Each structure stands twice: as structure tokens, then as C-alpha cells.
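Worksheet: one structure, shown below.
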DNA sequence: CAGTGGTCTAGACCACATA
DNA sequence: ATGTGGTCTAGACCACTGA
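Below, the structure is given as C-alpha cells:
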């Protein structure tokens with residue numbers, strides 16, 4: 182059963198209440214406190230239990246909807262989304278991706294620091310080489326087994342405080358209004374280096390899926406440059422492809 | 182200049198006000214009434230002009246933010262986002278993919294035959310096990326260097342004649358009115374088997390990117406099941422990711 | 001029918017940008 | 001200092017679901 186009460190929310194925290202609520206619910210889903218298909222308490226119940234308004238509860242739930250963790254049914258309730266047959270590769274972070282696959286995400290920190298970007302990073306982020314970046318490097322685990330090495334680089338302006346990157350980098354970005362709305366990913370097969378093999382507990386030369394992602398805001402600013410190395414034997418990447426969109430959005434037409 | 186006034190909103194419409202507002206703003210952006218980089222009127226101004234509450238205005242704007250049309254800057258304003266180039270992995274066959282990359286595509290046939298589907302193939306194509314399938318296996322080359330092994334399986338009903346599969350499988354499907362409009366791809370890193378290594382002229386144990394694709398018609402029928410093995414050192418796969426659009430709305434049809 | 005999510009309001013206070 | 005977006009509230013009515 183879900184453990185939700187007012188004591189878990191902090192009015193004075195810089196993290197908005199709706200995100201604190203989303204974090205709380207996300208954590209409990211990952212703990213298995215509530216399983217696939219189960220209904221969440223109603224918005225009014227949550228509102229009452231946590232002592233915040235229903236509008237704020239809804240905003241928190243909407244965050245989890247976009248992550249694909251919950252689904253709503255008008256007139257019926259809010260449910261933990263089935264993890265099978267997920268739409269496709271969406272703009273989700275590692276945590277949401279793992280939960281969708283029915284695995285428990287985790288992290289082991291390797292590095293968390295601030296510094297100047299390498300030329301490659303400056304290029305990828307279209308960033309001036311003298312502006313600082315935050316670096317986050319973690320071994321990401323699924324059900325406590327190492328699955329990937331993830332190295333994220335974020336221009337420091339988007340994440341003033343290093344401290345509070347909890348489970349989810351994207352949640353932290355969202356709190357600063359810098360959640361990317363679009364991303365470009367590049368995938369490549371490769372072999373594990375000795376250092377990678379050690380971190381991932383696999384033999385050197387094992388198959389590695391390298392994923393490089395750049396995330397952008399709506400105005401085109403790059404906010405994220407992440408390079409990951411996934412174990413080839415444990416991970417596959419699913420994506421949907423479509424015909425060029427019949428979207429009305431013109432490619433530059435005049436007028 | 183933006184034309185926004187209360188007369189354009191309909192209280193009694195089944196479309197919620199925040200979506201009507203979003204539609205109105207989207208339409209004017211596409212008409213060019215307001216250009217890239219220009220600021221939108223402030224939320225309070227819009228609220229006043231249209232006669233709806235600021236919360237509702239914000240919800241409408243958030244819709245356009247997620248579509249990537251607008252960007253917000255705290256303390257400053259809301260701006261029309263620059264148009265972004267249309268990149269990304271689309272539903273293209275090998276030939277089109279290579280031409281996009283500026284390489285010359287080619288093929289060496291390995292197998293071209295008709296038979297019954299394996300259980301795995303029948304499952305992937307949602308096909309009755311007693312219906313025949315065509316098989317096409319080729320080594321695909323780029324600038325005359327082997328790049329990938331491609332094994333396609335197509336239900337025979339979609340390709341009556343085997344003969345005329347020239348350079349492009351998709352062209353042949355299109356000629357029979359069975360070109361897929363949607364696909365699901367699964368990518369995985371792996372190591373080259375001895376047989377694969379020989380076909381691709383690489384050492385056994387080299388990095389291989391395996392791509393499995395299922396292609397569907399608009400009505401959901403599966404027409405294609407293709408498994409490919411790409412050289413990891415020569416090929417990378419690029420894809421675009423976006424927020425899922427919450428656009429449940431109908432395009433104007435019913436009613 | 002009662003209970004759920006979906007929409008909407010009017011007002012408040014805060015944090016940030018710009019001048 | 002002013003104006004902007006960011007968050008939050010308490011309450012209301014509607015539309016839908018399901019017993």
C-alpha cells in the first residue's frame with residue numbers, strides 16, 4: 182500500500198511540491214509498494230492526505246504520465262501503467278526506461294564535478310569553451326546488476342546547484358525549467374574497454390552499445406550531452422520509425 | 182501582430198478553452214503573424230484579452246511548449262521557438278539510407294527463395310504458419326565495401342513475383358501497394374559470428390549492431406520482418422526522440 | 001447513483017530578468 | 001522598481017465510469 186503523508190513534503194524546499202509528490206510516488210512504484218495495474222488513490226484523497234491542493238496533485242501526476250509510469254482513465258481512476266509493450270523510444274531518462282521494462286533502476290556515482298568543457302563537449306553543446314559544465318558519471322544498475330555507464334554533461338547555467346540531483350537528472354532539469362523537449366541519439370556497437378569491463382562486471386571485449394544523446398530545449402539550446410555504454414547482452418533499444426511526418430509544420434515556407 | 186480576442190473562443194465547444202487558445206496561437210505562428218524570436222504577449226495580457234484565467238492560459242501555452250513551438254524564459258517572457266531542421270531516422274530502406282549519407286549502395290545476393298515461415302517469423306509477422314513467405318538475404322555494401330548482412334522475410338501475398346526485386350526491396354513493395362508506413366526497430370550490440378565475419382570481411386568477435394525491424398501497413402498488417410547485422414566500426418544509427426504528444430484530439434472529423 | 005478524472009476560476013506570493 | 005514566468009490554493013461544475 183502506498184505510504185503518502187504530509188510529513189514527507191517540505192514547504193521550504195526549493196523543489197516544488199508537485200515534483201516532490203511525483204518523486205514520492207515514483208519511488209514507491211519502483212519499490213514495488215504498488216504494482217502494475219493497481220489504482221492510485223484518487224486525486225482528492227491524495228490532496229487530503231498530503232495536505233496540498235488538488236491542482237498541485239494533478240500537476241505531479243502529469244509529470245509521471247509523461248514519463249509513462251501512470252495512465253489515467255476518465256471517470257475510473259489513475260493506474261500504474263503496464264510495463265509491457267511500451268510505445269517506443271521516448272524522451273525518457275534511464276530511471277523511467279527501466280521502470281517501463283519492469284526493472285528496478287539504481288545508480289553508483291563515479292564522478293560529480295564542475296569544470297570546463299572539452300572541445301568535443303563544447304562543440305556538442307554549442308557552448309563557449311570558457312563556460313562551466315557540470316559532469317555526472319554513474320554506473321546505472323537494473324535490479325542491482327550493472328547495466329550501463331552514463332556520463333552526462335550539462336552547462337552549469339541550467340543546474341546551479343550540484344547537490345540535489347537525486348535519482349533523476351531529468352527531474353532536476355525540469356525543476357529548473359530546462360527539461361529537453363527534443364533529443365538526438367546516435368547508437369553504435371562497440372567493444373568494452375578494460376575500464377568499462379571492470380565497471381560493468383563483464384569481460385573486456387564484450388559487446389557494448391554506445392548511445393550518445395543530445396537534448397535540446399524548444400528554442401534549440403542544447404542542455405544535455407550524455408554518452409552511455411550499455412551491456413550488449415542485457416540491453417536492447419527499441420524505436421519506432423514513421424514516414425516523414427505529414428505534420429502541417431512547414432519547413433520554412435515563405436509568405 | 183497577434184490577433185487574439187475573446188470572440189474567437191467558444192464556451193460551449195467540446196474543445197477545452199486551453200486547447201482552443203493553443204490552436205489559435207499555433208495557427209498564427211504558422212501563418213507567420215508572429216515570427217521566430219518574437220515574444221508572445223504576457224500571460225496576464227493574454228488572460229485579459231481572451232477573458233480566461235491565467236491558469237488556463239498557462240495550460241494552453243504548456244501544450245505548445247511540449248510541441249516545441251514556444252520557449253519560456255523565467256522573468257523575461259515567452260518566445261516563438263526557432264524552427265528546427267528535420268533530421269532523423271525515417272522509414273527508409275538501406276538504399277535510401279546510404280544515399281542520404283552520401284554513399285553508393287550495393288548488394289551481393291546470398292539467398293532468394295520462397296518457403297514456410299519459421300515459428301519466430303510467423304510470430305513476428307502475425308502470419309499463419311502455413312502461408313508462404315519470400316526470403317531475401319543480401320550483403321549490403323557502401324562504396325563497394327561490405328557494411329551489413331540483411332535478411333528480409335515478406336509474406337508471399339505482398340510480393341507475388343520474386344524476380345523483380347532489383348536494388349530496392351521497398352521500391353518493389355511500393356509497386357505492389359504494400360510499402361510499410363510504420364516500423365518498429367530493435368537494436369542490440371553483439372559480436373560477429375565466424376560466418377558473419379567472413380561475409381563482412383572483418384575478424385570474428387568484432388562489434389556488430391543488430392537491427393531487427395518489423396514494418397506495418399496503415400491498417401496494422403505486418404509486411405516485413407528484417408534482421409540485419411551492421412559492422413559496428415562503420416555504421417551508426419541516428420534517431421530523434423520527442424515528448425509523446427498528448428494530442429488525442431480528432432482532426433475535425435466527426436460531429 | 002456516487003466517485004473519478006477534466007476543466008476552469010480569481011487571487012496570492014515568490015523568483016527571476018531587465019532597465 | 002516593474003513586469004515576467006513559476007507555484008499554489010480552495011472551490012466549482014462538467015463528463016465519464018461502474019456498481
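Residue numbers (our numbering), protein chains in the order written: chain A, 182 to 436; chain B, 182 to 436.
C-beta: ideal position from N, C-alpha, C; glycine also.
Please read these numbers as outputs of a predicted model, since none were measured by experiment.
Taking a beta-carbon distance threshold of 8 Å, residue 241 of chain A does not count as an interface residue toward chain B. Straight-line spacing of the CA atoms in residue 275 of chain A and residue 332 of chain A works out to 12 Å. For residue 417 of chain A, the chain B residues whose Cβ falls inside 9 Å of its Cβ are 367, 368, 369, 370, 391, 393, in order along the chain.
According to the DSSP secondary-structure assignment, residue 293 of chain A is paired through a beta bridge with A/317. Within the same chain, 327 come within 6 Å of residue 382 of chain B by CB-CB distance, once the 5 residues on both sides are set aside. At least 8 Å separates the CB of residue 257 of chain B from every CB of chain A. Per the coordinates, the alpha-carbon of residue 219 of chain A lies some 44 Å from the alpha-carbon of residue 375 of chain A. Under the 8 Å criterion on CB atoms, residue 323 of chain B is classed as non-interfacial with respect to chain A. For residue 254 of chain A, the secondary structure class from DSSP, reduced to helix, strand or coil, is strand. With at least 16 other beta carbons inside 10 angstroms of its own, residue 405 of chain B counts as buried.
Interface annotation for the stretch 278-301 of chain B against chain A: empty, criterion Cβ-Cβ distance under 8 Å. Shown here, residue 398 of chain A sits in coil according to DSSP, grouped into three states, outside any helix or strand. Cβ-Cβ separation between residue 310 of chain B and residue 318 of chain B: approximately 21 Å, too far for a contact (criterion under 8 Å). Around residue 421 of chain B, the beta-carbon contacts reaching into chain A at under 8 Å are 363, 364, 365, 366. Against residue 223 of chain B, chain A offers no close residue; the least beta-carbon distance is about 17 Å (beta-carbon pairs closer than 9 Å). At a cut-off of 8 Å between C-beta atoms, residue 398 of chain A counts as an interface residue with respect to chain B. Residue nearest to residue 305 of chain B within the set B/394, B/211, B/207 is B/394 (criterion: CA-CA distance). Residue 231 of chain A carries a helical assignment under DSSP once its states are collapsed to helix, strand and coil. Taking the Cβ atoms as the reference, residue 273 of chain B lies roughly 36 Å from residue 241 of chain B, outside the contact range of under 8 Å.
Not a single CB atom of chain B sits nearer than 8 Å to the CB of residue 303 of chain A. Per DSSP, the unbroken alpha helix (DSSP H) holding residue 199 of chain B starts and ends at 198-212. The contact set of residue 388 of chain A on chain B, defined by CB atoms closer than 7 Å, consists of 370, 371, 372, 388 in chain order. In the DSSP assignment, residue 248 of chain A falls outside any alpha helix (DSSP H) and carries neither an H nor an E. With 16 or more other CB atoms across the displayed protein chains lying within 10 angstroms of its CB, residue 245 of chain A is buried. A check of alpha carbon separations from residue 199 of chain A across A/397, A/384, A/353, A/378 identifies A/353 as the nearest. In this structure, the beta-carbon distance from residue 397 of chain B to residue 363 of chain B falls below 8 Å. Taking 8 Å as the cut-off, the beta carbon of residue 224 of chain A is found closer than this to the beta carbon of residue 239 of chain A.
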